[in-house]
């Protein structure tokens, strides 16, 4: 039992028991072929432990966004084939989101899902911030536990939140401040420095009254960003220079005041160096969100530099899934950080709130 949540050992003797394991096999596909099987491999410690203890494992996962009806493009067949190679003997149900009852947390769908099932294990951290049927339903009636992956995610991320090593630095990027407003405010209560890049920095520049050209920003968040800047003291580090395209579509570099028609797409080299210094001086770093449009090589330098700093620093490093994890993989640095989370949204919500619907459900299980 960890933080009131049962672990695999709390299930007792599972010989011959049928165990529903909610996994996160939402892997990237290209023309029906798996591009990266990381999420499948991440579930293997839990699956193998259950098999070795005599359990009969039935995995269930979503894949993509099929909108509540069967769609061959999101069939679990490619995942099923790969899982059979990695963990023979494991049953894998069809895509949970083929049924609208999954996302609506329908009790009848939960009943069908758990029919003939003796125990439930949640190992889908990346989906545990959703109040979906397979996440919160089975633990209402079945003895339940968190799997190895979920337990590790909770331990690492709650460690950042509750037991930070200082200096503790958070690096946030991505497009919208509104998506990360809650975690920004929560982190400012904990971190020593908050580094902000990506398109979300332009809303902060607008809050400072600086011209941002035609760069992406959120007008309805300007007042909120102004308040955050006023209240945060010197904790927040914004870029000092930017790169992007000028009004004629030509690559350009500026300070923080963009001319009319210009669009910023990445932090500049000076900012990348300054952010690296902040990261290198830390003892613990959390990173979520790219510094720019790294998919385009013209605007990848800022994200690449931050990723390299995460690899080079002696700090304990955590990357919060999503695009940051994709960037690490693109740059060949995913094995150079201490922990890469399997859930972008889930990691942010856990840091912000200290709990998730999936964890709360396990605490309320009959065996908890």
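In the working numbering, the protein residues as written are 6 to 373.
We put the beta carbon where it would ideally sit given N, CA and C, even for glycine.
Computed from a prediction, not measured in an experiment: that's the story for all the values here.
Burial of residue 104 is indicated by the presence of at least 16 other C-beta atoms within 10 angstroms of its C-beta. Counting C-beta pairs closer than 8 Å gives three or more between the region 177-187 and the region 196-209, which meets the contact rule. Between the region 311-321 and the region 224-244, the count of C-beta pairs closer than 8 Å stays below three; the two stretches do not touch.
One Cα belongs to residue 345, the other to residue 334, and the distance between them is close to 10 Å. For residue 164, the enclosing alpha helix (DSSP H) has its first and last residue at 153-167. Per DSSP, reduced to three states, the secondary structure at residue 119 is helical.
Between residue 115 and residue 30, the gap from beta carbon to beta carbon reaches 8 Å or more. Counting C-beta pairs with one atom in each stretch, the region 248-268 and the region 283-294 have fewer than three that are closer than 8 Å, which means they do not touch. Restricting attention to alpha helix (DSSP H) runs no shorter than 4 residues, the region 239-295 encloses them at 274-285, ordered along the chain. Given a length threshold of 3 residues, each whole run of the beta strand (DSSP E) inside the region 311-352 is given here in chain order: 321-324. In this model, residue 175 and residue 189 are separated by some 9 Å (Cα to Cα). Residue 356 sits in a helix when the DSSP states are folded into three classes.
Per DSSP, the beta bridge partners of residue 125 are 25 and 149.
Inclusion of residue 65 and residue 98 in the CB contact set at 8 Å is warranted, their separation being smaller than that value.
In this structure, DSSP gives residue 175 an extended state, which the three-state scheme calls strand. With contacts defined as CB atoms closer than 8 Å, residue 356 and residue 192 qualify as a contacting pair.
In this structure, residue 287 and residue 306 do not form a Cβ contact; the two beta carbons are roughly 21 Å apart against a cut-off of 8 Å. Residue 171 and residue 197 have their C-alpha atoms some 7 Å from each other. Assignment of residue 12 by DSSP, reduced to helix, strand and coil, places it in the strand class. In this structure, residue 55 keeps its C-beta atom at 8 Å or more from the C-beta atom of residue 119. Scanning 251, 370 and 42 for the CA closest to the CA of residue 347 turns up 42. Judged by DSSP secondary structure, residue 63 falls within the beta strand (DSSP E) whose first and last residues are 61-65.
Per DSSP, the beta bridge partners of residue 199 are 175 and 241.
8 Å or more divides the Cβ of residue 178 from the Cβ of residue 298. Nearest to residue 132 by C-alpha distance, out of 155, 263 and 13, is 155. By the neighbour-count definition (other C-beta atoms within 10 Å, threshold 16), residue 6 is an exposed residue. Contact between residue 94 and residue 128 fails: their C-beta atoms lie close to 17 Å from each other, not under 8 Å.
The three-state secondary structure of residue 135, taken from DSSP, is coil. Residues of the same chain with a CB within less than 6 Å of the CB of residue 60, apart from the 5 flanking positions on each side, are 19, 22 and 24 in chain order. Bounds of the alpha helix (DSSP H) holding residue 52 are 49-57.
In this structure, 353 is the residue among 366, 373 and 353 with its C-alpha nearest to the C-alpha of residue 163.
C-alpha of residue 144 to C-alpha of residue 130: approximately 15 Å in a straight line. In the three-state reduction of the DSSP assignment, residue 86 falls in the helix class. When 76, 308 and 249 are compared, the shortest CA-CA separation from residue 37 is found for 76. In this structure residue 32 is in contact with residue 44, their Cβ atoms being roughly 5 Å apart against a cut-off of 8 Å.
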